[in-house]
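So the structure is just underneath, and the comments pick up after that.
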């Protein structure tokens, strides 16, 4: 069972389950369901949208967390444009989910915006650009937008 240590390991897990043929085409929203030790107990595909947005049903995400007895969740959605900057809707969705999770005693550990070239972590408040040097991949942190 994979374990999430930080936003980078969460990103790697999301990328491993994301359909690479769609990541640059349509927005999708997925959720890692985690136990108390931050081990992944499931991945919930919450929604698929269009090239510029995705509609998420908060209730269905919470139902999936409750049914799996998840202690915490990490949400992620992609931006087909490649832009890692959170939109006002992204910020609103994050706050809405934090409030809903808190009411059910579920920790919302993070929300990532992902692309093939990096990710933005609401938890870190930073974007992480994927860089390659001599065949090795690392992430370079960028200041908040």
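Residue numbers (the numbering used here): -9 to 135.
Cβ atoms here follow ideal geometry from the backbone N, Cα and C, with glycine treated the same way.
Everything numeric in this text was worked out from a predicted model, so none of it was measured.
Can you name, in chain order, every residue of its own chain whose Cβ lies under 6 Å from the Cβ of residue i, other than the five neighbours on each side?
i, result
"residue 96", "55"
"residue 109", "1, 102 and 118"
According to DSSP, is residue i helix, strand or coil?
i, result
"residue 133", "Legend: pLDDT at residue 133 = 48, less than 50; position of this residue unreliable, value from coordinates given subsequently. It is coil, neither helix nor strand."
"residue 30", "strand"
"residue 2", "helix"
"residue 44", "coil"
"residue 16", "coil"
How many angstroms separate the CA atom of residue i from the CA atom of residue j?
i, j, result
"residue 32", "residue -8", "10 Å"
"residue 40", "residue 30", "28 Å"
"residue 87", "residue 98", "8 Å"
"residue 0", "residue 117", "14 Å"
"residue 45", "residue 4", "19 Å"
"residue 26", "residue 63", "10 Å"
"residue 49", "residue 107", "31 Å"
"residue 16", "residue 66", "14 Å"
Measuring only from the beta carbon, is residue i closer than 7 Å to any heavy atom that is part of the ligand ZN?
i, result
"residue 49", "With respect to the ligand ZN, the structure shown offers nothing to examine, as it has no ligands at all."
On a CA-only basis, which of the options is nearest residue i? Give me that one, please.
i, options, result
"residue 74", "14, 38, 45 and 51", "14"
"residue 21", "8, 10 and 35", "35"
CB-CB under 7 Å to residue i, same chain, minus the five flanking residues each way: which ones, in chain order?
i, result
"residue 84", "101 and 112"
In chain order, each beta strand (DSSP E) run of at least 3 residues that lies wholly inside the stretch 49 to 115 | 62 to 68, 97 to 105 and 108 to 111
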